[in-house]
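Residue numbers for the sequence shown follow the UniProt record's numbering, so the first one is 1 and each next one is one higher.
Taking it in order: structure first as structure tokens, then the write-up.
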Amino acid sequence: MTTIFRKTIIALAVSWPLASQAGGLYLYELGTSDLGFAAAGTAARAEDASTVYANPAGMTRLPGNQLTVGVQALYGNAEYKLNPSSRLEGSNPGNVVGWLPGGSLFYSHSIDERLKLGVGVYSNYGLGEDFGSSWAGRNVVDETALIAATIQPTIAYRVNEKWSLGAGLQANYGYMMLQRVQAVGVGAGTKRKQTDSDWAYSGRFGVLYEPSKSTRIGLVYNSQADLNFNVDTAVTVTHPISNVTRTHRLPFGADTYMPQQIMGSVYQRLSDRWAMMGNIGWQDWSKFGDNTVTVGGATVPNTIGFQDTWHIAYGMQYTLNEQTRINTGIAYDTSMYKKQHNTSFLIPNADTWRFGAGVQHALSAKSDIGFAAEYVTSGSSSDPSTVIGGKYDNPYIIFMSANYTYRF
């Protein structure tokens, strides 16, 4: 791979969503119209080229060729407050997320009425926080990012009037960055930055069943991808008061998984103006707890308890007139942690609610534009570490997005 191509992928990855909320490290938000539904009906709606990701089989519903571009901005508020017993020399980091941009691009091409080809470029996996160089845990982590940017060539085929199949190959470029302030020895007080990258491959497979013109049922499976990073995620810190030396290890390292997941959706048109839709989904986050790192030549297991997550969503769409549709949705995701008092300060995750609303407007017979907003609120989580233990109190994220679709 050329240096220019590698730098381009890294730039896309680190500038796209770096917030981790419900659903582990996966985001449903890609700057598309899905955001206005809180992702409800994502595997069954198939209304524009973003179905390349949402459900590859949905491309068979798209006439001609279509291009969909989505952009979004998010503001995350996640303030980490240290436990008094864990306090080292320094302060609380405050809000570790802030403003972040995001986006995606999808294209669907018709070979004929049955066979479709497509491609998607997006980033919906990762986390990233900036704790600052003055907080108490700066020797453990100052700034961190774990991101994957994906290129997905896709194919779909309509078997008959009711059944369609689709599949995509995901080439995931993973990038990990860990920066900390050197505690002792040569260079004490200076920032030490480690980076590494890796390619991992996975598949996304979809089925779309249309029993009638008003009903669609979609099912999508995404296989697991395995990323390997050569980054030292363990650090030894000495408490300035007790003089006790302890090792703190971050919850990801040499082997990091992008877990398998399943999403099922239903879309039902109720009348000329109203439609409703819903989801049920599952992600295999218990496997994430199997991650290990090597410290001093020995393999150290992860002590944080991870579990699979479940997702449900419900949405409505109202057709105001021939040009304008109004979307809304609500979703709930369970926590990736077995116990909220045994979590990682790098992944502020808990049971989470999503509330979305948006509007889609036809500019012409060939083009649509849409705008959406979503509020994501999560429960509290605590890190029990004796080194830098603390708590996130109900972090939240606000998403704002715009999308554009052109048909030709």
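Yeah, the Cβ is synthetic: ideal placement off N, Cα and C, and Gly gets one too.
Buried or exposed, going by whether 16 or more other CB atoms sit within 10 Å of the CB of F408? F408 is exposed by the Cβ-count criterion.
Could you give the distance in angstroms between the alpha-carbon of P211 and the alpha-carbon of Q261? Each residue's Cα considered, the two are about 25 Å apart.
Nearest-angstrom Cα separation, counted from L208 out to K162: If you take the alpha carbons of K162 and L208, they lie about 8 Å apart.
If you run the structure through DSSP and keep just helix, strand and coil, what is S85? Here DSSP, grouped into helix, strand and coil, assigns S85 to helix.
One question on the structure: do G36 and G358 come within less than 7 Å of each other, judged by their Cβ atoms? Taking 7 Å as the Cβ cut-off, G36 and G358 qualify as a contacting pair.
Could you give the uninterrupted runs of the alpha helix (DSSP H) lying entirely in the segment 21-104, keeping only those of 4 residues or more? As summarised for the segment 21-104, the continuous alpha helix (DSSP H) elements at least 4 residues long and confined to that stretch are 51-54, given in chain order.
Can you look up F371 in the DSSP assignment and give me helix, strand or coil? For F371, the secondary structure class from DSSP, reduced to helix, strand or coil, is strand.
Which listed residue (T377, W274, N403 and P259) has its alpha carbon closest to that of I330: Closest option to I330, judged by alpha-carbon separation, among T377, W274, N403 and P259: T377.
Once DSSP output is grouped into helix, strand and coil, what is the label at F288? Collapsing the DSSP output to three states places F288 in a helix.
Between which two residues does the beta strand (DSSP E) harbouring I388 extend? Run containing I388: none; DSSP gives neither H nor E here.
Taking R114 as the reference, which of A156, G126, G137 and E143 has the closest Cα? Put simply, of A156, G126, G137 and E143 the residue whose alpha carbon is nearest the alpha carbon of R114 is A156.
For M336, list the residues DSSP reports as bridge partners. Partner residues in a beta bridge of M336, as assigned by DSSP, do not exist.
At what residue ranges does the segment 143-179 contain a whole run of the beta strand (DSSP E), taking only runs of 3 or more? With a minimum length of 3 residues, the continuous beta strand (DSSP E) runs that stay inside the segment 143-179 are 143-158.
What first and last residue would you give for the beta strand (DSSP E) that runs through W199? Taken as a continuous stretch (DSSP letters only), the beta strand (DSSP E) holding W199 covers K191 to S212.
Contacts around R138, its chain only, beta-carbon distance under 6 Å, and the 5 residues preceding and following it disregarded: Result list for R138: V181, in chain order.
Is the segment 335-344 touching the segment 314-325 in the sense that three or more CB pairs, one from each, lie closer than 8 Å? Counting Cβ pairs under 8 Å, fewer than three are found: no touch.
Does the segment 375-389 come close enough to the segment 71-87 to have 3 or more Cβ pairs within less than 8 Å? Because the criterion of three Cβ pairs below 8 Å is met, the segment 375-389 and the segment 71-87 touch.
Look at the alpha carbon of F399 and the alpha carbon of A136, and state the distance between them as a whole number of angstroms. The straight-line gap from Cα to Cα measures roughly 30 Å.
Residues of its chain near N327, where Cβ-Cβ distance is below 6 Å and the 5 sequence neighbours each way are ignored: Result list for N327: G36, F37, Q317 and G358, in chain order.
With distances taken between CB atoms, is the gap from Y107 to A46 smaller than 7 Å? At least 7 Å separates the beta-carbon of Y107 from that of A46.
What do you get for W285, buried or exposed, if any count of 16 or more other CB atoms within 10 angstroms of its CB means buried? Looking at its Cβ environment, which holds 16 or more other Cβ atoms inside 10 Å, W285 is buried.
Between the C-alpha atoms of F306 and A350, what's the straight-line distance to the nearest angstrom? A direct Cα-Cα distance of roughly 11 Å separates F306 from A350.
Hey, could you find the ends of the beta strand (DSSP E) A362 is sitting in? Its beta strand (DSSP E) spans residues T352 to A362.
Please report the straight-line C-alpha distance between G41 and N65, rounded to a whole angstrom. Cα atoms of G41 and N65: separation of roughly 23 Å, rounded to the nearest angstrom.
Sorted by chain position, which residues of the same chain lie with C-beta nearer than 6 Å to D34's C-beta, five sequence neighbours on each side aside? Correct list, in chain order: T42.
Through-space distance from D226 to N403, alpha-carbon basis: Taking the straight line joining both Cα atoms gives about 31 Å.
Less than 8 Å between C-beta atoms, sequence neighbours within five positions excluded: which residues of the same chain meet that for Q179? V141, D142, E143, T144, K191, R192, K193 and Q194, listed in sequence order.
DSSP state of T377 mapped onto helix, strand, coil: Strand at T377.
Rounded separation between residue 409 and G281 - CA only: The requested residue 409 does not occur in the structure, where the chain is confined to residues 1 to 408.
Nearest to Y53 by alpha carbon, out of A171, Q323 and G90? When each option's Cα is compared against that of Y53, the closest is A171.
Excluding the 5 residues preceding and the 5 following Y267 in the sequence, name in chain order all residues of the same chain whose CB lies nearer than 6 Å to its CB. So the list reads G41, A44, R45, R216 and M277, once near-sequence residues are dropped.
Closest to W310 by CA distance: which of S271, A362, K287 and Q283 is it? Of the candidates S271, A362, K287 and Q283, the one whose C-alpha sits nearest the C-alpha of W310 is Q283.
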